[in-house]
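What follows is a set of notes on a single structure, which appears directly below.
Residue numbers (the working numbering): 425 to 901.
So this is what it looks like as structure tokens:
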């Protein structure tokens, strides 16, 4: 973005903030503090969508304190002190260990070098996308996007297809689709589910556990995987070049995992088990009750320590100082800032929830709660494909929390479903954080992918309304 455009956006944000601060009246349930919060939030949302999410997030924290919308301790505890921040940091370090010991590459190559893949291009793509989806359920989506873009490029080179060819586009489109699916289907190592789970607990008093989220997210991911393959068939790429792909030759280029890779794999499997099992078995054994009480981050912290202590080949399995240098700090700061806004948005001191309810309730008073959810899903899917999925998720969660309050709606179900809807962001380069990696480097362009992306979005809507709503209502209480 040019400097001139940036300054124009800064000026627009400033004007928006001043107009809201002086023109918005503390009426209809909104308080003076609420006016200040809105005068901060709306311009910051605008800057997030048009410029960046790093220093603008830091500015938001400062403004929350300067306008006395929140105290300094409330801001620090609710942002950088929020559990989502330490979750991202810890699991990112574990992901680095898996990446640098070759575990991820090995799993991906294992999937695409099965004998039945030889000479079968659609079997190859199905296995490659399955590997991305399965690994992604327990790994940070941004770092895995980078890894899989590299793997996809190498595989396309092996096959003999180049940028712009439909087979090449299809491979990268599938990687993008799996990325948006697992980024929300699993809370393990993913910021989006953890942000909204924190909001649900602080605003609605609802605790959604990892197993509960996975109980809905995993079946949804499986359905969307089928939808993905349907879209691949509709795209119908030319697969003639795949005749040159030699499964056995590729397999020989990737030797078995060494001791470092095996140890990192075992430790990570233990972490996943300790994240899922305690909440399932807490009533059966006191030990599991204890581990459930310490939360999902502690097992990962212990794993980081373990991988740092154990040395194989004369060096630790995980180089923590080196890993910390790779942390995606803009994403971490953004996640913390999004989390801190949950408090003033739901606080009685601001009156924002009451104010929103008084505005929107007359518009939907004749709709059933289920119809309201469907409308919110539609609008969220449309918005997230042009704006930030994180912002869309938080915005529509808060709108739904107001419109569905004091009713019979299963709010845990709504929290998960609206989060899934807000993450189906694949159409434009600005739709999600990893999107520019796919569109910006010329792997994809909107012209060649628009039709297939629209089909994918429609299928995601059908999956959400026909499956996720009734299924989540049945399994989450």
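Positions of the beta carbon are idealized from the N, C-alpha and C atoms, including for glycine.
What's the gap between the Cα of residue i and the Cα of residue j?
i           : j           : result
residue 673 : residue 591 : 21 Å
residue 531 : residue 641 : 22 Å
residue 829 : residue 627 : 11 Å
residue 827 : residue 835 : 11 Å
residue 497 : residue 900 : 34 Å
residue 561 : residue 456 : 43 Å
residue 863 : residue 873 : 10 Å
residue 541 : residue 547 : 5 Å
residue 682 : residue 527 : 9 Å
residue 780 : residue 838 : 18 Å
residue 764 : residue 479 : 16 Å
residue 807 : residue 882 : 14 Å
Give me the residue from the options with the minimum Cα distance to residue i.
i           : options            : result
residue 701 : 848, 690, 503, 715 : 715
residue 596 : 771, 656, 756      : 656
residue 584 : 508, 667, 611      : 667
residue 473 : 430, 558, 510      : 430
residue 746 : 732, 758, 736, 755 : 732
residue 693 : 460, 476, 559      : 559
residue 843 : 750, 695, 563, 623 : 623
residue 832 : 483, 794, 812, 739 : 794
residue 824 : 480, 512, 503, 804 : 804
residue 594 : 653, 889, 858, 509 : 653
residue 847 : 770, 499, 761, 821 : 821
residue 721 : 737, 775, 612, 678 : 612
residue 771 : 515, 669, 708, 629 : 629
residue 669 : 488, 869, 537, 644 : 537
residue 529 : 572, 604, 742, 494 : 572
residue 463 : 636, 769, 564      : 769
residue 461 : 738, 471, 485      : 485
residue 576 : 684, 511, 868      : 868
residue 698 : 678, 634, 651      : 634
residue 762 : 477, 748, 517      : 477
residue 533 : 753, 679, 651, 735 : 679
residue 815 : 617, 877, 487      : 617
Report all residues from its chain with a CB closer than 8 Å to the CB of residue i; omit the five preceding and five following residues, and keep chain order.
i           : result
residue 554 : 535, 649
residue 810 : 851, 852, 854, 855
residue 647 : 887, 891
residue 557 : 602, 605, 606, 645, 649
Per the DSSP calculation, residue i is bridged to which residue(s)?
i           : result
residue 740 : 735
Using a Cβ-based criterion (distance less than 7 Å to any ligand heavy atom), does residue i qualify as near the ligand MG?
i           : result
residue 651 : In the structure shown, the ligand MG is absent, as is every other ligand, since no ligand is present at all.
Give every residue of the same chain whose Cβ lies closer than 7 Å to the Cβ of residue i, excluding the five residues on either side of it in the sequence, and list them in chain order.
i           : result
residue 750 : 520
residue 910 : Residue 910 lies beyond the stretch modelled for the chain, which goes from 425 to 901, so this question has no answer here.
residue 857 : 566, 755
Below 6 Å CB to CB, which residues in the same chain sit around residue i once its five sequence neighbours on both sides are set aside?
i           : result
residue 459 : 448, 450
residue 675 : 537
The segment 559–569 / the segment 515–528 touching (three or more Cβ pairs under 8 Å): yes
Inter-stretch contact (C-beta, 8 Å, three-pair minimum) for the segment 718–728 and the segment 434–453: no
Cβ pair count under 8 Å reaching 3, the segment 434–443 against the segment 466–482: yes
The segment 500–511 in contact with the segment 754–762 per 3-pair CB rule at 8 Å: yes
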